[in-house]
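K.L.:
Number of protein chains: 2
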Amino acid sequence: MAGAVHEVAETLVRRTRARVTRARVAVLATLLAAERALTHHEIERRIKRNLGIDRVTVYRVLEWLTARDLAHKISDDDRVWRFNAAKKEHGRRHAHFKCNSCGGVTCLDKAMTVRSVLVPSGFRSQEIELTVKGLCAGCGPAARRRSRVRAQHRH
Amino acid sequence: MAGAVHEVAETLVRRTRARVTRARVAVLATLLAAERALTHHEIERRIKRNLGIDRVTVYRVLEWLTARDLAHKISDDDRVWRFNAAKKEHGRRHAHFKCNSCGGVTCLDKAMTVRSVLVPSGFRSQEIELTVKGLCAGCGPAARRRSRVRAQHRH
DNA sequence: CCGCAAATTGCAACCGAGTTGCATCAAAAA
DNA sequence: TTTTTGATGCAACTCGGTTGCAATTTGCGG
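If you're matching them up, the sequences are chains H and L in order.
In terms of our numbering, the first sequence opens at residue 1 and continues consecutively.
In terms of our numbering, the second sequence opens at residue 1001 and continues consecutively.
1. If you run the structure through DSSP and keep just helix, strand and coil, what is SER147 (chain H)?
2. DSSP three-state call for LYS1098 (chain L): helix, strand or coil?
3. Quick one: which chain H residues come within Cβ less than 7 Å of ASN1100 (chain L)?
4. Return the chain-ordered list of same chain residues with a C-beta closer than 6 Å to the C-beta of VAL1005 (chain L), the five sequence neighbours on each side being excluded.
5. Return the chain-ordered list of same chain residues with a C-beta closer than 7 Å to the C-beta of ALA1009 (chain L), the five sequence neighbours on each side being excluded.
6. Leaving out five residues on either side along the sequence, give the residues of the same chain with a beta carbon under 6 Å from the beta carbon of ARG1068 (chain L).
7. How far does the beta strand (DSSP E) with ARG1082 (chain L) in it extend, from its first residue to its last?
8. Examine chain H for any beta-carbon lying closer than 9 Å to the beta-carbon of PHE1097 (chain L), and answer yes or no.
9. Please confirm whether THR1131 (chain L) has its beta-carbon closer than 9 Å to some beta-carbon of chain H.
10. Leaving aside the five residues before and after HIS155 (chain H) along the sequence, list all residues of the same chain whose C-beta is less than 7 Å from its C-beta, in chain order.
11. Over what stretch of residues does the alpha helix (DSSP H) that includes LEU1031 (chain L) continue unbroken?
12. Is there a Cβ of chain L sitting closer than 9 Å to that of LEU119 (chain H), yes or no?
13. Between the alpha carbons of ASP54 (chain H) and VAL20 (chain H), how many angstroms are there, rounded?
Right under this line is the structure:
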């Protein structure tokens, strides 16, 4: 499983005709394996266990992946970048979900339906970015109910 | 003109029943007078000319104004907060315009019409935030044409 | 108007995400 | 294998923002 992701990552990096390095493959594989957007910190932690890759290198690899459209950079109001392995649909319109409780960020790309945005005259719109904030499945009321039940069972 | 804004600011601060200090009035007046969202830096520059208010105080005042809903904090992908004097309509839906050229941020609040956003099952949406990126009136093609003409006239 | 307590401010030191310069190292071409 | 060129590691740095604490101010009661 982890091996498969690693191979996919390697192929994707090789396909760019640029150098295939441990760092690039490892970072991309980590992103591919992730179920949601990861911060630099999370990426570093998930990688460093095995290989000893420098944090600066991770920053540079992420920048490189983003420039090659292999990864997608999401800005966040906690002033921390998050990264996704890029999906084909990433175009001029993005939508993300940010959990107000755990802070996790998830891509919602196909979900957006913006009818129209009126910009002041003289302004020209190029990209549209939409962020929905709320509670994710793991933090929502349903999840809380579940954990309350679990707690009761322990008594 | 500047005096009027100052008085409005003072009234707004006084209305909170909290202490009316130079710093609070000055920062709020600056925001009220601004045509767009200002960064901490811009606010500090516009104020410090006259009064010698510490940067930490400006940060704290901005935090205070935001907590009292007198100001509105906008996050930005250049990792810099921007602030607006709060308008009534600021609710669960925000829209901002960010200029890709000059970086300026403008509030678009009434302009948004989001038909629907589909969130994954188990997720619960609480707020929606929309950012349109592009060129503002001062940086767009029309403005560029104007300045080219001006340049020719100088010869 | 005066003095007091509590809230606010200024200062200095700090924090954490991200960046830069440079010497060293390793992919891949020759 | 050697060479070349791009990638990496390390240390030091930048920058927006925060924190601890002592010195001031504000607004109140007298």
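We put the CB at the ideal spot given by N, CA and C, even for glycine.
P.N.:
The structure says:
1. Working through the first sequence from its first residue, we reach residue 147 (chain H) at position 147. Looking at SER147 (chain H) - three-state DSSP - the assignment turns out to be helix.
2. Residue 1098 (chain L) sits at position 98 when you count from the first residue of the second sequence. Annotated three-state conformation of LYS1098 (chain L) is strand, per DSSP.
3. Numbered from 1 along the second sequence, position 100 holds the residue referred to as residue 1100 (chain L). The answer, in chain order, is GLN126.
4. Taking the second sequence and counting its residues from 1, the one referred to as residue 1005 (chain L) is at position 5. Cβ neighbours of VAL1005 (chain L) beyond the five flanking positions: ALA1029, LEU1032, ALA1033.
5. Numbered from 1 along the second sequence, position 9 holds the residue referred to as residue 1009 (chain L). Counting only Cβ-Cβ distances below 7 Å, and skipping sequence neighbours, we find VAL1025, LEU1028, ALA1029, LEU1032.
6. Along the second sequence, read from residue 1 onward, the residue named residue 1068 (chain L) stands at position 68. Closer than 6 Å at the Cβ level, and outside the excluded window around ARG1068 (chain L), lie THR1016.
7. Sequence index remark: in the second sequence, residue 1082 (chain L) carries index 82 (1-based). Note, ARG1082 (chain L): beta strand (DSSP E), 1082 to 1085.
8. In the second sequence, the residue the question calls residue 1097 (chain L) occupies position 97. Interface residue, yes.
9. As a first step, residue 1131 (chain L) must be located in the second sequence, where it is residue number 131. So yes, THR1131 (chain L) belongs to the interface.
10. Here residue 155 (chain H) refers to the residue found at position 155 of the first sequence. Caution is warranted here: a pLDDT of 46 is assigned to HIS155 (chain H), below 50, making its placement in the model unreliable, and the coordinate value is therefore given only provisionally. So no residue of the chain qualifies.
11. By 1-based counting over the second sequence, the position of residue 1031 (chain L) is 31. Run containing LEU1031 (chain L): 1022 to 1033, per the alpha helix (DSSP H) assignment.
12. On the first sequence, position 119 is the one that residue 119 (chain H) refers to. In the sequence as presented, Leu is not what sits at residue 119 (chain H); that position holds Val. Interface residue, yes.
13. Taking the first sequence and counting its residues from 1, one reaches residue 54 (chain H) at position 54. Taking the first sequence and counting its residues from 1, one reaches residue 20 (chain H) at position 20. Each residue's alpha carbon lies about 17 Å from the other.
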